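Numbering (this note's numbering), first residue to last: 8 to 285.
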């Protein structure tokens with residue numbers, strides 16, 4: 008029975024992996040075909056690699072600008088959100104604050120409303136309220152970074168809550184007895200022990216900012232457009248360039264895979280950190 012259970016589990020995960028990875032393979036397959044092959048007889052194999060789709064994409068100045076914007080916005084947002092979430096979670100976990108459980112719940116309520124509800128108020132704020140002379144948040148990278156913080160910070164706080172609670176308070180007290188202040192406790196005790204959780208929080212926040220489309224499409228026009236909004240430009244009134252769109256979408260996976268590879272060794276430990284208490 009145990010052997011049969013292992014085989015069932017094996018086939019289940021094979022099927023789940025196939026269902027998950029097949030859309031990515033299909034996207035890569037489309038990117039490797041010319042228009043003639045694409046509208047011809049369908050095939051699941053790559054017979055000849057049509058590199059022109061990738062060459063046009065990589066040499067396109069718009070693609071380079073969109074990719075740079077996405078990398079800057081996502082990375083800056085992940086760093087800022089993780090830092091602020093760590094400070095907020097540490098304060099709510101360690102200090103005796105009145106109604107801190109209500110504060111934790113209030114932060115997550117910011118994620119409950121649909122993003123479209125905030126679209127019109129944010130558009131007015133970006134185009135009118137936050138305007139100083141010629142400087143404004145509309146169509147700027149800093150505008151997107153700050154906006155994504157509003158929606159990603161509550162998630163990061165709740166992700167780090169179990170991480171900080173899983174670190175014994177006695178370690179903080181021992182460090183303070185040795186003469187450490189709050190900042191030294193954070194940098195020398197909390198951050199080293201919470202590194203797996205911080206890595207998970209950073210990668211999830213980075214992915215959320217990288218994949219976001221609605222606000223980026225509405226609150227940017229030219230200078231700060233991200234790669235997700237750039238994909239929509241391949242859909243025109245004269246038709247859709249499926250090959251180049253698929254090539255662009257395939258290339259957008261590479262930074263995410265690279266960033267994931269840098270922190271992947273912390274992910275398993277981070278997801279289970281604080282899950283078991285004595």
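Note that the Cβ used here is the ideal one computed from N, Cα and C, for glycine as well.
Here the structure is a predicted model, which means the values were calculated and not measured.
From 50, 128, 201, 155, pick the residue whose C-alpha is nearest to that of residue 167; which is it? For the purposes of this step, residue 167 is taken as residue 160 along the chain shown, with counting starting at 1. Looking at the Cα atoms, 201 is the closest of the given residues.
Nearest CA to the CA of residue 154: which residue from 248, 74, 118? If you number the chain shown from 1, residue 154 lands on position 147. Looking at the Cα atoms, 118 is the closest of the given residues.
Chain B contact for residue 16 (CB, 8 angstroms cutoff): Here chain B cannot be found, since the structure has a single protein chain.
So who's on the other strand from residue 173, going by DSSP bridges? On the chain shown, position 166 is the one that residue 173 refers to. BP columns for residue 173 are empty, so no partner.
Neighbour-count burial assignment, residue 285, 16 or more Cβ in a 10 Å radius: Start at 1 with the first residue of the chain shown, and residue 285 comes out as number 278. Because residue 285 carries a pLDDT of 41, less than 50, the predicted location of this residue cannot be relied on, and no value is offered for it.
Decide if residue 251 is buried, meaning its Cβ has at least 16 other Cβ atoms within 10 Å, or exposed. The count along the chain shown starts at 1 and reaches residue 251 at position 244. Classification of residue 251: buried, given that the 10 Å Cβ count is 16 or more.
Go to residue 224, then tell me how far its alpha helix (DSSP H) extends in each direction, as first and last residue. Along the chain shown, one-based indexing puts residue 224 at 217. Where residue 224 is concerned, the enclosing alpha helix (DSSP H) stretches over 221-225.
Assigned exposure category for residue 46 - 16 Cβ within 10 Å defines buried: The count along the chain shown starts at 1 and reaches residue 46 at position 39. Looking at its Cβ environment, which holds fewer than 16 other Cβ atoms inside 10 Å, residue 46 is exposed.
Less than 8 angstroms separating the beta-carbons of residue 205 and residue 52? The residue given as residue 205 occupies position 198 in the chain shown. The residue given as residue 52 occupies position 45 in the chain shown. Contact: no.
When you compare the CB positions of residue 196 and residue 221, do they come within less than 8 angstroms of one another, or not? The sequence position of residue 196 within the chain shown is 189, counting from 1. The sequence position of residue 221 within the chain shown is 214, counting from 1. Their beta carbons are not under 8 angstroms apart, which means residue 196 does not touch residue 221 by this criterion.
Residue 188 classed as buried or exposed, judged by whether at least 16 other C-beta atoms fall within 10 angstroms: In the chain shown, the residue the question calls residue 188 occupies position 181. Looking at its Cβ environment, which holds fewer than 16 other Cβ atoms inside 10 Å, residue 188 is exposed.
By how many angstroms is the C-alpha of residue 170 removed from the C-alpha of residue 229? For this step, residue 229 is matched to residue 222 along the chain shown. For this step, residue 170 is matched to residue 163 along the chain shown. Those two C-alpha atoms are separated by around 40 angstroms.
Residue 25: buried (16+ other C-beta within 10 angstroms of its C-beta) or exposed? Reading the chain shown from its first residue, position 18 is the one you call residue 25. By the neighbour-count rule (16 or more Cβ atoms within 10 Å), residue 25 is not buried but exposed.
I'd like to know whether the C-beta atoms of residue 147 and residue 224 end up nearer to each other than 8 angstroms. Position 140 of the chain shown, counted from the first residue, corresponds to residue 147. Position 217 of the chain shown, counted from the first residue, corresponds to residue 224. Cβ distance not < 8 angstroms, so residue 147 and residue 224 don't count as in contact.
Using the C-alpha atoms, what's the distance from residue 48 back to residue 165? Locating residue 165 in the chain shown gives position 158, where the first residue counts as 1. Locating residue 48 in the chain shown gives position 41, where the first residue counts as 1. When rounded, the distance between both Cα atoms is 50 angstroms.
Give me the Cα-Cα distance between residue 281 and residue 199, rounded to the nearest whole angstrom. In the chain shown, counting from the first residue as 1, residue 281 sits at position 274. In the chain shown, counting from the first residue as 1, residue 199 sits at position 192. Low local confidence applies: a pLDDT of 47 at residue 281 is under 50, so the model's placement there is unreliable, with the coordinate-based value given in what follows. For residue 281 and residue 199, the distance between alpha carbons rounds to 15 angstroms.
Just confirm the distance between the C-beta atoms of residue 83 and residue 212, as a whole number of angstroms; I'd bet it's less than 8 angstroms. Start at 1 with the first residue of the chain shown, and residue 83 comes out as number 76. Start at 1 with the first residue of the chain shown, and residue 212 comes out as number 205. In fact, because the Cβ distance is near 11 angstroms, the residues do not count as touching under 8 angstroms.
Length of the line joining the Cα atoms of residue 255 and residue 55: What you label residue 255 is simply residue 248 of the chain shown in a count that begins at 1. What you label residue 55 is simply residue 48 of the chain shown in a count that begins at 1. Cα to Cα, the separation comes out at about 19 angstroms.
With 16 other CB atoms within 10 Å as the buried threshold, where does residue 99 fall? Locating residue 99 in the chain shown gives position 92, where the first residue counts as 1. The residue is buried, with at least 16 neighbouring Cβ atoms inside 10 Å.
Quick check: the Cα distance between residue 74 and residue 218, rounded to an integer number of angstroms? Counting from one through the chain shown, the residue named residue 74 turns up at place 67. Counting from one through the chain shown, the residue named residue 218 turns up at place 211. Each residue's Cα considered, the two are about 12 angstroms apart.
Residue 192, DSSP secondary structure in three states: Residue mapping note: residue 192 aligns to position 185 of the chain shown, counting from 1. In the structure shown, residue 192 sits in a helix (DSSP, three-state: H, G or I).
Specify the secondary structure class of residue 48 as computed by DSSP and reduced to three states. Taking the first residue of the chain shown as position 1, residue 48 is located at position 41. Three-state DSSP puts residue 48 in coil, outside helix and strand.
Under a three-way DSSP split, which group does residue 27 fall into? As a working note, residue 27 is residue 20 in the chain shown. In this structure, residue 27 counts as helix in the three-state DSSP scheme.
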